[in-house]
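Heads up: the structure comes next, in structure tokens.
In this note's numbering, the protein residues as written are 8 to 318.
Here it is in structure tokens:
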């Protein structure tokens, strides 16, 4: 009798341990595309890093009181309106749920991966929040309607009702304010009047972009470049390619490359440490600017651009 009782108790303990591992920050990971043990807590609870849902903006003339020319931003141009989202603010909030005219979109930034991705939600309002969970150091978003978890870099729901659905990426440029305002003189700037008490003059990740530290485990490691070398990641169909800034900056002018069956132009401004891609009609393409380690952890078979003298 005691033998069977012990066996039952042991089985229940194992089951409860498994269930505990499959529920993190209140999210049920039992059906996750990614194994639950690969999804880690970044420290904060769900919404411990608050998204900005009612963003306010300054005009280009007003912006000088808040931002310096060399400050980094994530820039978006849509329907004739340009907006800049300072990295100094995104470091503290990671998500800005915004709208231009009738189009809803979400600006997302992961400080640990250095990755800025904008998702276009169309005419349907979709509010994303910060789950407090990470995969490959990358922020996992959640949508308020279904509580599904979404990988920022994969741009896909990994668990919940919407599992397997993809988000629509929208072009964005990671550059500095001075370069962006030259491209878009009438650009608006996200205001520090966010409704939250944060010191936007302080960088909570100071020095992180220069050291070799990777805070959490990643599934794939490629040591060819410094882990924080910034790269421009491009996807054309099923083909992925990374353009390390250190290689791109060896060129004297924009370069023309071919990814799959698509010709693209890689533009750069070394002064502002900016790289972006456009098609042959000079339309800005969807890309992801991130750290080398982050791109390669998600896309280990990615092609990698190498400078050639005849580029």
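Heads up, the beta-carbon is just placed ideally off N, CA and C, and yes, glycines get one too. Keep in mind it's a predicted model, so treat the numbers as computed, not measured.
Identify, in the order they occur along the chain, each residue of the same chain with its Cβ nearer than 6 Å to the Cβ of residue i, setting aside the five sequence neighbours on each side.
i	result
residue 115	102, 124, 159
residue 90	83, 195
residue 127	112, 175, 177
residue 278	none
residue 33	53
residue 6	Coverage of the chain is limited to positions 8 through 318, which leaves residue 6 absent and any answer about it impossible.
residue 6	Residue 6 is absent from the model: the chain starts at 8 and stops at 318.
residue 251	232, 236, 238
residue 229	303
residue 12	In this predicted model, residue 12 has a pLDDT of only 38, less than 50, meaning its place in the structure is not dependable enough to derive any value.
residue 172	164
residue 95	207
residue 265	none
Below 8 Å on the Cβ atoms is my guess for residue i versus residue j; work out the distance and round it to an integer in Å.
i	j	result
residue 336	residue 147	This structure does not reach residue 336, given that the chain is present from 8 up to 318, and the question cannot be answered.
residue 122	residue 301	6 Å
residue 118	residue 212	5 Å
residue 292	residue 263	No, residue 292 and residue 263 are not in contact; Cβ-Cβ is about 13 Å, not under 8 Å.
residue 296	residue 248	Incorrect: roughly 13 Å between the Cβ atoms, too far for contact.
residue 46	residue 31	6 Å
residue 51	residue 139	5 Å
residue 185	residue 77	7 Å
residue 261	residue 273	6 Å
Going by DSSP, name the residue or residues bridged to residue i.
i	result
residue 133	BP columns for residue 133 are empty, so no partner.
residue 247	242
residue 283	274
residue 147	158
residue 77	For residue 77, which the question treats as bridged, DSSP gives no partner whatsoever.
residue 172	BP columns for residue 172 are empty, so no partner.
residue 117	122
residue 265	270
residue 296	123, 239
residue 105	112
residue 199	The partner list for residue 199 (beta bridge, DSSP) is empty, contrary to what the question assumes.
residue 82	91, 180
residue 31	34
Quick one: what's got a C-beta closer than 8 Å to residue i's C-beta in the same chain, skipping five residues either side?
i	result
residue 218	235
residue 58	100, 101, 102, 103, 104, 134, 135, 136, 137
residue 306	240, 247, 249
residue 288	none
residue 109	130
How many angstroms separate the CA atom of residue i from the CA atom of residue j?
i	j	result
residue 193	residue 183	15 Å
residue 19	residue 256	Low confidence applies to residue 19: its pLDDT is 33, below 50, so where it sits in the model is not reliable enough to give any reading.
residue 56	residue 315	43 Å
residue 233	residue 299	7 Å
residue 312	residue 280	17 Å
residue 155	residue 28	17 Å
residue 221	residue 161	19 Å
residue 131	residue 152	12 Å
residue 205	residue 245	41 Å
residue 107	residue 202	20 Å
residue 209	residue 48	24 Å
residue 286	residue 87	19 Å
residue 188	residue 199	18 Å
residue 65	residue 269	38 Å
residue 80	residue 149	23 Å
residue 85	residue 190	13 Å
residue 242	residue 225	21 Å
residue 14	residue 215	Per-residue confidence for residue 14 stands at a pLDDT of 38, beneath the threshold of 50, marking its modelled position as unreliable; the derived number appears in the next sentence. Using only the alpha carbons, I get a separation of about 49 Å.
residue 276	residue 36	42 Å
residue 258	residue 267	22 Å
residue 98	residue 67	22 Å
residue 92	residue 69	15 Å
residue 120	residue 290	26 Å
Tell me which residues share the same chain as residue i and place their Cβ nearer than 7 Å to its Cβ, disregarding the 5 neighbours each side in the sequence.
i	result
residue 317	none
residue 62	103, 105, 197
residue 38	166, 170
residue 44	28
residue 60	104, 134
residue 227	303, 304, 307
residue 223	47, 141, 144
Mind checking if residue i is an interface residue toward chain C, Cβ cutoff 8 Å exclusive?
i	result
residue 82	Protein chains in the displayed structure number just one, and chain C is not present.
Touch test, the region 165-173 against the region 63-81, Cβ-Cβ under 8 Å, three pairs minimum: Taking one beta carbon from each stretch, the region 165-173 and the region 63-81 have fewer than 3 pairs nearer than 8 Å; the two do not touch.
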